[in-house]
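Asker:
Residue numbers (my numbering): 2 to 99.
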């Protein structure tokens, strides 16, 4: 898999799928609806770094990215111009070659 990297989950917004402290692997192919993704945003004014979120991709349009979280259940919309990068979370079965 090209350009694969690992991150630790920090929040509980995706429990029960991902728990705080879980190690996730990102990269590989482009994300499609139904995939879990890590979204990196550009820094806002007076911020040094952007933020990162793990969510489930619902849909992409030219203007926005629609995602959902599990805890609490909620649908969120990100303006595409606020997004620096979107990485697909690679399922464990795929990492292990199943």
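Backbone N, C-alpha and C fix where the C-beta goes; we use that ideal spot for every residue, glycine too.
1. Could you please give the first and the last residue of the uninterrupted alpha helix (DSSP H) stretch that includes residue 93?
2. According to the Cβ coordinates, are residue 29 and residue 41 closer than 9 Å?
3. Can you give the beta carbon distance from residue 56 to residue 69, rounded, assuming they're within the 8 Å contact cut?
4. When burial is assigned at 16 or more other CB atoms within 10 Å of the CB, is residue 9 buried or exposed?
5. Around the Cβ of residue 7, are there at least 16 other Cβ atoms within 10 angstroms (buried) or fewer (exposed)?
6. Quick one: Cα of residue 77 to Cα of residue 14, how far?
7. With distances taken Cα to Cα, identify the nearest neighbour of residue 11 among 31, 27 and 53.
8. Answer yes or no: do residue 26 and residue 5 have a C-beta to C-beta separation smaller than 9 Å?
Answerer: Put simply:
1. Locating residue 93 in the chain shown gives position 92, where the first residue counts as 1. Its alpha helix (DSSP H) spans residues 93-96.
2. The residue you call residue 29 lines up with position 28 of the chain shown. The residue you call residue 41 lines up with position 40 of the chain shown. Cβ distance not < 9 Å, so residue 29 and residue 41 don't count as in contact.
3. Position 55 of the chain shown, counted from the first residue, corresponds to residue 56. Position 68 of the chain shown, counted from the first residue, corresponds to residue 69. Confirmed, Cβ separation roughly 6 Å.
4. By 1-based counting over the chain shown, the position of residue 9 is 8. Classification of residue 9: exposed, given that the 10 Å Cβ count is below 16.
5. In the chain shown, the residue the question calls residue 7 occupies position 6. Exposed, because fewer than 16 other Cβ atoms sit within 10 Å of the Cβ of residue 7.
6. Taking the chain shown and counting its residues from 1, one reaches residue 77 at position 76. Taking the chain shown and counting its residues from 1, one reaches residue 14 at position 13. Their Cα atoms are separated by approximately 12 Å.
7. Here residue 11 refers to the residue found at position 10 when the chain shown is read from its first residue. Ranking 31, 27 and 53 by Cα distance to residue 11 puts 53 first.
8. If you number the chain shown from 1, residue 26 lands on position 25. If you number the chain shown from 1, residue 5 lands on position 4. Contact flag set, yes.
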